[in-house]
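Peer 1:
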Amino acid sequence: MDIVRTILNIPTPRIYAYSASTNNSVEAEYIIMVDAPGTQLGEVWDGMEISEKARIVEDLVEMEKKLLSVSYIRFEFHREIVFKYTANLILGKSSQDYLMSTANREISWINKFAIPKPPRDIFIVSDAQNSLQDIFDIVPYILPQNEKLARPTLWRWDMHSANLFVKGSRIASLIDRQAIWAGPLFLQFRHPKLMDYNGELLLKIPATYESLEGGQEKSRLRNQVERYGNKFAADIPCPIHFIEDDLADHYWYGGGWNELADFWDSISGLVSRDGWTSNETYNQALEMFIELREEGLKNFTGEDREVFDAQTK
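Take 1 as the starting number for the sequence shown in the numbering used here and just add one per residue.
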């Protein structure tokens, strides 16, 4: 974590002590650090002038440029950094190894710990395992050819207004930097959440799509997508294949996934997708989820109600 503050000169609080495991006297993970100076960006962002927001964005860009300046491949260029700071780091062989290892890790977890759920649930163990097995066939074809995009790069995935502190219109501190880690750049890059586009979607399926009869028109549109997709693909056969039932299930699951995504987008000002909410909005968020649970218990019956009850306790 010191690399970010002392080498890259990104404004972050000094760490006095930390533990990344529970194997310590307090039996908990912890970080003890200097108080972050300034005001939490989320408290002032909406009231800022456009020029002030522009300066905040400029600071974010400078932070990202500094993160991109460090590569864990070019050891000769950063030799003194590597020798000093990589004692506890694991440097993978390649981005392909990284993706394969990630899939193997998830399969291992599913085999040991996953609990089968009711039919038509997207996380049924066998379906999840099959999806992960497909990754092994796909990975060799989706990796970028440009080595710069595949190099291990430090990045901060979850940079949002809650972990940025400002003084005036300049960033004074970035907290939660324990989440910064090195991985392939094409997987690492995320733009800061405060810059998400919240306007109307520019590309949509036709408004009449759901009402198309007989499936013939839907099939025609899907075939168009598949045909045009081939224009941009390499001259190789698709490494994975799906039957019609698979495609129908995918569409069904996709509808539920989109509804869930729309829900989290609708409350993004109150609760983030990872469950974070500020101290000031905690009671409001709690009341909202209590009401949602009560409403769900009224509307669900039978096994659906039992599942909902267990998942929302």
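For every residue, glycine included, the Cβ atom is placed at its ideal position computed from N, Cα and C.
Roughly how many angstroms separate the alpha carbons of residue 286 and residue 40, rounded to a whole number?
Peer 2: Translated into the one-based positions of the sequence shown, residue 286 becomes position 286. Translated into the one-based positions of the sequence shown, residue 40 becomes position 40. Answer to the nearest angstrom: the Cα atoms are 22 Å apart.
Peer 1: Around the Cβ of residue 271, are there at least 16 other Cβ atoms within 10 angstroms (buried) or fewer (exposed)?
Peer 2: Stepping through the sequence shown from its first residue, residue 271 is reached at position 271. Within 10 angstroms of the beta-carbon of residue 271 lie 16 or more other beta-carbons, which makes it buried.
Peer 1: Quick check on residue 170: does DSSP put it in helix, strand or coil?
Peer 2: Along the sequence shown, one-based indexing puts residue 170 at 170. Three-state DSSP puts residue 170 in a strand.
Peer 1: Note down the Cα distance separating residue 169 from residue 51, rounded to an integer number of angstroms.
Peer 2: Within the sequence shown, residue 169 is the residue found at index 169, counting from 1. Within the sequence shown, residue 51 is the residue found at index 51, counting from 1. Distance between the alpha carbons of residue 169 and residue 51: 9 Å.
Peer 1: Mapping the DSSP letters down to three states, classify residue 85 as helix, strand or coil.
Peer 2: Residue mapping note: residue 85 aligns to position 85 of the sequence shown, counting from 1. Unreliable positioning characterises residue 85 in this predicted model, as indicated by a pLDDT of 40, which lies under 50. The coordinate reading is nonetheless provided below. Three-state result, residue 85: helix.
Peer 1: Would you call the segment 156-168 and the segment 130-140 touching, i.e. three or more CB-CB distances under 8 Å?
Peer 2: The answer is no - the segment 130-140 does not touch the segment 156-168, with fewer than three Cβ pairs under 8 Å.
Peer 1: I want to know whether the segment 139-158 touches the segment 176-192 - three or more CB-CB distances under 8 Å.
Peer 2: yes
Peer 1: Report the partner residues of residue 181 according to the DSSP bridge assignment.
Peer 2: Position 181 of the sequence shown, counted from the first residue, corresponds to residue 181. By DSSP's assignment, residue 181 forms a beta bridge with 155.
Peer 1: Could you give the distance in angstroms between the alpha-carbon of residue 304 and the alpha-carbon of residue 298?
Peer 2: Within the sequence shown, the letter at position 304 stands for residue 304. Within the sequence shown, the letter at position 298 stands for residue 298. Their Cα atoms are separated by approximately 11 Å.
Peer 1: Assign residue 267 to one of three DSSP states: helix, strand, or coil.
Peer 2: On the sequence shown, position 267 is the one that residue 267 refers to. Three-state result, residue 267: coil.
Peer 1: Using the beta-carbon count (16 or more within 10 Å), is residue 140 buried or exposed?
Peer 2: For the purposes of this step, residue 140 is identified with residue 140 of the sequence shown, where counting begins at 1. With fewer than 16 Cβ atoms within 10 Å of its Cβ, residue 140 is classed as exposed.
Peer 1: Using the beta-carbon count (16 or more within 10 Å), is residue 311 buried or exposed?
Peer 2: The residue labelled residue 311 in the question sits at position 311 within the sequence shown. Under this definition residue 311 is an exposed residue.
Peer 1: If you count every other CB in all the chains shown that lies within 10 Å of the CB of residue 151, and 16 or more means buried, which is it?
Peer 2: Position 151 of the sequence shown, counting from 1, holds the residue named residue 151. Counting Cβ neighbours within 10 Å, residue 151 comes out buried, since at least 16 surround it.
Peer 1: Reducing DSSP to helix, strand and coil, say where residue 17 ends up.
Peer 2: Taking the first residue of the sequence shown as position 1, residue 17 is located at position 17. The answer is strand: DSSP assigns residue 17 an E or B state.
Peer 1: Could you check the C-alpha separation between residue 322 and residue 291 for me, to the nearest Å?
Peer 2: In the structure as shown, the chain starts at 1 and stops at 313, and residue 322 therefore has no counterpart that could be examined.
Peer 1: Hey, how far is the Cα of residue 67 from the Cα of residue 155?
Peer 2: Counting from one through the sequence shown, the residue named residue 67 turns up at place 67. Counting from one through the sequence shown, the residue named residue 155 turns up at place 155. C-alpha separation (whole angstroms): 6 Å.
Peer 1: For residue 160, count the other beta carbons within 10 Å of its own beta carbon; 16 or more makes it buried, fewer makes it exposed. Which is it?
Peer 2: Here the question's residue 160 lines up with position 160 in the sequence shown. Buried, since its Cβ has 16 or more Cβ neighbours within 10 Å.
Peer 1: Which word fits residue 177, buried or exposed, when buried means at least 16 other C-beta atoms lie within 10 angstroms of its C-beta?
Peer 2: Numbered from 1 along the sequence shown, position 177 holds the residue referred to as residue 177. Per the 10 Å Cβ criterion, buried.
Peer 1: Should residue 288 be counted as a contact of the ligand MG given a C-beta to heavy atom distance under 7 Å?
Peer 2: The ligand content of the structure shown is nil, which means the ligand MG is not present either.
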